[in-house]
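Residue numbers (my numbering), protein chains in the order written: chain A, 5 to 115; chain B, 436 to 549.
Structure first, commentary second.
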Amino acid sequence: NAGVTQTPKFQVLKTGQSMTLQCAQDMNHNSMYWYRQDPGMGLRLIYYSASEGTTDKGEVPNGYNVSRLNKREFSLRLESAAPSQTSVYFCASSADSSPLHFGNGTRLTVT
Amino acid sequence: AQSVTQLGSHVSVSEGALVLLRCNYSSSVPPYLFWYVQYPNQGLQLLLKYTSAATLVKGINGFEAEFKKSETSFHLTKPSAHMSDAAEYFCAVSDGGATNKLIFGTGTLLAVQP
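Rendered as structure tokens:
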């Protein structure tokens, strides 16, 4: 009963390094999302994918790219990490018009 | 554009006291409204959702919320706080469309004192 699985759980990067955050869901959901959570700012949408093969920008897409590899997997890539991207990243999925199911997050620190 | 405002970034109550967490929304279309809870080092869990079926919505763990269109509010309440309720609570709004994107408030951290 995994739900939404995110890897890694923790990551430390140096400025300019790249990395990919992985997300997979086993609920056969069409839609998937990437949010970032920062203190006092709630969760902000980075990118989302309404269905396999489609992706769209959210509120804060700059500095990120995404890939909807298949229906299960939605990855988030930082090409050149910056300290401003230090955050907790959450992946979520949902069926049409149903509540979002969240993973447990990836804590990223960029030094 | 849709938005939600949560009044009070920190709320402290005594165990057994009423919990009231405030949320006001702004939406140009009938909204779908949600409350999520986040325990330390975990993801968000759905507490309850409003989708226009009934104005008083009951959720898990004894929480409920009332949709008041005239006040554009969706406040979260629980009659008697328990120590295990200590967490951060997020109100969120969606237009319920195919993309189902959620716009979150900034969160309210609830502390429960013994």
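Glycine included, every Cβ here is placed at the ideal spot set by N, Cα and C.
| Check | Outcome |
| --- | --- |
| If distances are taken between C-alpha atoms only, which option among A/LYS61, A/SER55 and A/SER22 comes closest to A/THR113? | A/SER22 |
| Under a three-way DSSP split, which group does A/ASP42 fall into? | strand |
| Does the beta-carbon distance from A/GLY57 to A/TYR39 come in below 9 Å? | no |
| What residues in its chain sit with their C-beta under 7 Å from that of B/GLN480, if we drop five residues either side in the sequence? | TYR471 and VAL472 |
| What does the alpha-carbon distance come out to for the pair A/ASP100 and B/TYR485? | 15 Å |
| Does A/MET31 come out as helix, strand or coil in the three-state DSSP assignment? | coil |
| Tell me the residue span of the beta strand (DSSP E) that contains B/PHE498. | Unbroken run through B/PHE498: none, as it is neither H nor E. |
| With distances taken between CB atoms, is the gap from A/LEU73 to A/LEU25 smaller than 9 Å? | no |
| Tell me the rounded alpha-carbon separation between B/ALA500 and B/HIS510. | 5 Å |
| When we look at the beta-carbon of B/LYS536 and count the other beta-carbons within 10 Å, is it buried (16 or more) or exposed? | buried |
| Should B/VAL446 and B/VAL439 be called a contact, given that it needs their Cβ atoms to be closer than 9 Å? | no |
| For chain B, check one thing: does any of its Cβ atoms lie closer than 9 Å to the Cβ of A/PHE106? | yes |
| For chain B, is any of its Cβ atoms less than 9 Å away from the one on A/SER88? | no |
| Candidates B/SER487, B/THR507, B/GLU450 and B/LEU442: which alpha carbon is nearest B/LEU456's? | B/LEU442 |
| Does the CB of B/ASN476 have a neighbour CB from chain A at under 9 Å? | yes |
| Identify whether B/SER567 lies in helix, strand or coil by the three-state DSSP scheme. | Because chain B spans 436 through 549 in this model, residue 567 of chain B falls outside it and cannot be assessed. |
| Looking at A/LYS18 and A/THR115, is the spacing between their C-beta atoms short of 9 Å? | yes |
| In three-state terms, what does DSSP make of B/GLU506? | helix |
| Note down, in chain order, every chain B residue with its Cβ under 8 Å from the Cβ of A/PRO65. | None at all; the shortest Cβ gap to chain B is about 13 Å. |
| So B/SER444 contacts chain A; which residues on that side make the cut at Cβ distance below 8 Å? | GLY44 |
| Under 9 Å, Cβ to Cβ, is there at least one residue of chain B near A/GLY109? | yes |
| Quickly, what does DSSP pair A/ASN66 with across the bridge? List them, please. | DSSP lists no partner for A/ASN66. |
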